[in-house]
Every structure is written in structure tokens, then in C-alpha cells.
Amino acid sequence: MNRVTTRISPEEVARQMELCGRIAEMNAARAAAPAAFVDTYGCQQNEADSERIRGYLRAMGFTFTDREEEADVIVINTCAIREHAEQRVLGNVGALVHTKRRKPGQIICLCGCMAQEPHNVDKLRNSYRHVDLVFGPQALWKFPELLWRIYTRRGRVFETADDPGNIAEGIPVVRQGGVKAWVSIMYGCNNFCSYCIVPYVRGRERSRASADILREVAELAAQGYKEITLLGQNVNSYGKDLSEGVDFAELLRRVNAVPGDFLIRFMTSHPKDATERLFDAMAQCEKVAPVIHLPFQAGNDRVLRAMNRGYTREAYLEKVRALRARIPDIVLTSDVIVGFPGETTEEFEDTLSLLREVEFDALFTFIYSPRKGTPAASLPDPMGKEEKQANFQRLVDLQNEISLKKHRAYVGKTVRCLVDGRSDDVRNNLTARTAGGRLVHFTGDESLIGGYHNLKITDCSTWALFGEPAE
Ligand code: SAH
Ligand code: SF4
Ligand code: F3S
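Count the sequence shown with the numbering used here and you get residues 778 to 1248, in order.
Right, here's the structure in full:
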């Protein structure tokens, strides 16, 4: 049964904006405008959330810095997906004790997915006493109110109760750059893959009204944004909690109909919900980029079942075939987990064979990391670290071979690319992306940034393409 999504009323959001105004008045009375530092870990959802946090902070009169020691307010937007992500956050938050000692009055906030994990909240409460404010992703909409409490009362604030979440419209955003934009279309996840923490920390699936999404896309297109990425943990579930009758395939068609010269990307698609309706929409919408991120996680049916993924290897392969029948040059990327509890090396061979069969353009590879409170964390996990590491290495080596082969096929071709920024490559000054999202380094005039240009691909590596402006 679908629960009814809670919508935060416009009055409630207006009250948050009024509190921003009061903080801005306080800030205006200071000799110099105070600075804020927003540090983001994790996925694009978190990047998009940080843009809203910056939107609020700007409305409060803050300028931005990326130096902790200069910041009057620090916001750390955290990720809980793997142990390593959490360790990095805790290490960096720990070090802020010294920064704060040198800058008394500095306010340290921690938000994002770790703020919804009870064991981490306890740790922050007891051992990271320099952190003033802790709030989960579902409480982001009331950040002004929480910060106001810090300013006006003594003591720390923890807004970390379990929260299925809501939809709040009208929160201001400060976007990073003027070329590519994130647009969240839904929040949360109901899939409960047995290894994954996301459903516990991000609440239940809830969709924004299509009219709100289309309005945002139209504004972005009018502002000249060239690439719009629709975001959700499983965009294919879009609309299931609404009574609009608009599913993700229909939403894509409507976004495609928004006037303007921009490309549409989306992530992430869960394979179990990726339908032929979606593939048809992708094939028929000229603005939808010919690329899909379709995480398969494992190539063996027993492991897929234990992961609670809801599809078999064959069903996955069938979707890939259906997709390629419609869009032959589709760029396919995926996520894989190595070393899921109980996965044998023999079962892992099925992951390798799936790789050979599909030949993904790029792969995001992870070693399983137990997450407290998820079902997989209590499964027996007999395989040693060395064996998992060895399997992981075989996976990476095979994918590198495939990526290189895929990249070689571009050499000699001329492709239309979006020039998106400065390159860190020693021989080139600019980067661009093909419609399928492949990275291209090239040398050209900086005025090309933000436009579509034809590039001739002259060389490649496992990771990137190299090109030059075509005549
Ligand atoms: N909603 C997306 C995934 C978000 S998490 C989807 O379902 O496709 C991104 C990736 O992190 C996952 O696809 C998975 O490969 C990996 N991941 C998630 N939990 C993990 C864990 N406990 N250990 C290792 N990798 C994990
Ligand atoms: Fe995690 Fe699965 Fe939801 Fe993706 S679909 S966020 S892997 S539970
Ligand atoms: Fe991490 Fe939360 Fe995203 S756990 S991957 S930041 S949804």
C-alpha cells in the first residue's frame, strides 16, 4: 500500500525564508559578511541537497568559502553507503576540533545520511561535542529553523528522529556552474536491497508533482543550462505515490517537450522497473541522452536473490537486448558489488561472464561493506579479505580491457560534445562530454565552455578520450 506523501505547506517554507531573513539581518550588522563552507560527500542526491543548503545560506547573507578555517558556519553533508565514506567523514569532522578552537563561535553542522543512523548519531553526541547541529536529509527543509535555534538558545540541536520524509517546494538553490543542473524528481527508496542503507536513511519513495518538475526544467532551459539530470534513487518508481497518472516514461516525454537546446540525463534506474515503455520513450525523445546507468550488482541468480534485487541474470540481459534493439549505440554503465556475504568465487565468475556478455562502457565497482541494521550485515561472510580483493582486481582488469576497447572505437570519429570545464590533463586545457557521457580532453579556447561543439577523437585511454576541435 502506498502511504500518502506529506507535503510541506507553502506557509511552512515561507516561515523558513522569514527565518533566513532574520539571520540575514543579524549577519548584516557584522563588520564583514560571514562565510559558510559546505562540504559534500556521496551521490548526486547529496550534491543537489547541498545546492539547497547553499540556497538557504545565501538567503541568510552568507558568502561562500572552501577553507574551513575561514568559515563561520560549516555544513558537512555526509554519506553512509560504505564504511570508507563514513570513516572519511568522521576523520574530517574530528579534525574540525582544532579549527573551531582557533575560531571560537564557529558553528559546525553535520547533515545527510549519517545523521539518520542511530549509532553514528550516538557517536556524534558523545565523542564529537564540537558539532553543534545534526540533521537528517528529511529535515533539510527546516535548516533555517534549526540554525536559528543554535543562534538563539544555548546547546546543541539534534534533528535525527527516523523520518519517512516529505516534499518541500520553493527552497532556494545555489547551483554549481551554469552549464549542468541537477533536478530531483523523487526522494527516498522502497526497495530494501539487503546490503543497502539508503532506504533506512532516506525515507520512503516520494515524487514531486510533474508540474513542479517541468517548471524547474523550463526555468533552467531559459537560463541556458545545457544538461539537466533528473535524480532519484530509482527514477523508474517515479509517480507511483501520485495520482497524476504520470510515470517516469511519460515524465521524460514531457521534459523532452520543454523548449530549449539541452540534453536530458537521469539516474538511477533500477533494472527490475526499467520497462520497454521507458526504452521507447528514450528512443523517441531527441533530447534524452543515449546513455543509461543500470546497476546489475551481481551476475549470479542466487546472489541476486540474496541481495533482494527482484530480477534474474536473464531478465537483466533481456532488458539490455530490448534497449539495444531500440538504441544500438546506447552507452551502458553499471554498478557491481564484489564479496557479498556468502558469494563464492564460482558465483563471482558469473559476474565476470555478464561483463563479457554486455560489455559496459564503464563500471563502478565496490567491495561489499556491511551496514549496521541491514539484513545482509547479519549473514555469514566466510570469504577472506584477500580472496575478495583478488576477485575485485580481476573485475577491474576485465572492465579496463572492455573500456579501452569501447574507447578505441571512438578514435577517428567526430562527435558533438558539450564543453563543460577546465581539464586537469597535462596536455589539454578543456574537458567535454559526449552525449553518452564519455569524458573528452582537448585543447581549445576557453570561450567554448558551455557550448556544444564537434570534436574529432584522436586518441584514448581506459578512462578518457582525447580530441581536437573539428573544422
Ligand atoms: N539507488 C541506486 C544505488 C545507490 S548506491 C541503485 O539502486 O542503483 C550506489 C551503489 O553503491 C549501488 O548500486 C551499489 O553498487 C553500491 N552499494 C550500496 N550499498 C553497498 C554496500 N553496503 N557495500 C558496497 N557497495 C554498496
Ligand atoms: Fe539501495 Fe537498492 Fe534502493 Fe538502490 S534500489 S538505493 S541499491 S535499496
Ligand atoms: Fe550516500 Fe546517502 Fe547518496 S548514503 S550514496 S549520500 S543517498
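Where is the CB? At the ideal position from N, CA and C, for every residue including glycine.
Taking 7 Å as the cut-off, is the C-beta of residue i nearer than that to any heavy atom in the ligand F3S?
| i | result |
| --- | --- |
| residue 797 | no |
| residue 853 | no |
| residue 820 | yes |
Does the ligand SAH have a heavy atom nearer than 7 Å to the CB of residue i?
| i | result |
| --- | --- |
| residue 859 | yes |
| residue 1143 | yes |
| residue 972 | yes |
| residue 1218 | no |
| residue 896 | no |
| residue 961 | no |
Looking at the structure shown, is residue i part of a helix, part of a strand, or coil, going by DSSP?
| i | result |
| --- | --- |
| residue 907 | coil |
| residue 840 | strand |
| residue 1071 | coil |
| residue 1233 | strand |
| residue 978 | helix |
| residue 948 | coil |
| residue 803 | helix |
| residue 1062 | coil |
| residue 961 | strand |
| residue 1243 | strand |
| residue 967 | coil |
| residue 1107 | coil |
| residue 778 | In this prediction, residue 778 scores a pLDDT of 43, lower than 50, which makes its location untrustworthy; no coordinate-derived value is stated. |
| residue 1019 | coil |
| residue 1080 | helix |
| residue 995 | helix |
| residue 1136 | coil |
| residue 1201 | coil |
Would you decide whether residue i is buried or exposed? Buried here means 16 or more other CB atoms lie within 10 Å of its CB.
| i | result |
| --- | --- |
| residue 778 | The predicted model places residue 778 with a pLDDT of 43, which falls under 50 and marks its position as unreliable, so this point remains unresolved. |
| residue 928 | exposed |
| residue 1036 | exposed |
| residue 852 | buried |
| residue 919 | buried |
| residue 930 | exposed |
| residue 868 | exposed |
| residue 1048 | buried |
| residue 822 | buried |
| residue 913 | buried |
| residue 1184 | buried |
| residue 1061 | exposed |
| residue 1077 | buried |
| residue 1095 | exposed |
| residue 969 | exposed |
| residue 1189 | exposed |
| residue 1193 | exposed |
| residue 1237 | buried |
Using a threshold of 7 Å, is the CB atom of residue i nearer than that to any non-hydrogen atom of the ligand SF4?
| i | result |
| --- | --- |
| residue 1011 | yes |
| residue 1070 | no |
| residue 976 | yes |
| residue 907 | no |
| residue 966 | yes |
| residue 1073 | no |
| residue 875 | no |
| residue 1025 | no |
Are residue i and residue j touching if we call contact CB-CB under 8 Å?
| i | j | result |
| --- | --- | --- |
| residue 1083 | residue 1117 | yes |
| residue 861 | residue 885 | no |
| residue 997 | residue 1015 | no |
| residue 1171 | residue 1129 | yes |
| residue 863 | residue 891 | yes |
| residue 905 | residue 870 | yes |
| residue 1254 | residue 882 | It is not possible to answer for residue 1254, since the shown part of the chain is limited to 778 through 1248. |
| residue 1149 | residue 894 | yes |
| residue 1012 | residue 1033 | no |
| residue 1088 | residue 1115 | no |
| residue 1169 | residue 1142 | yes |
| residue 1119 | residue 1156 | yes |
Suppose the cutoff is 7 Å on Cβ atoms and the five residues either side in sequence are ignored; what does the same chain contact list for residue i look like?
| i | result |
| --- | --- |
| residue 1139 | 1110 and 1180 |
| residue 795 | none |
| residue 807 | none |
| residue 989 | 946 |
Give every residue of the same chain whose Cβ lies closer than 6 Å to the Cβ of residue i, excluding the five residues on either side of it in the sequence, and list them in chain order.
| i | result |
| --- | --- |
| residue 956 | 1003, 1197 and 1227 |
| residue 1007 | 960, 962 and 1043 |
| residue 949 | 832 and 836 |
| residue 1153 | 971, 972 and 1118 |
Below 8 Å CB to CB, which residues in the same chain sit around residue i once its five sequence neighbours on both sides are set aside?
| i | result |
| --- | --- |
| residue 846 | 876, 879 and 880 |
| residue 943 | 782, 783, 784, 785, 915, 918 and 983 |
| residue 1151 | 971, 972, 973, 974 and 977 |
| residue 1104 | 1056, 1059, 1060 and 1067 |
| residue 1240 | 1180 and 1216 |
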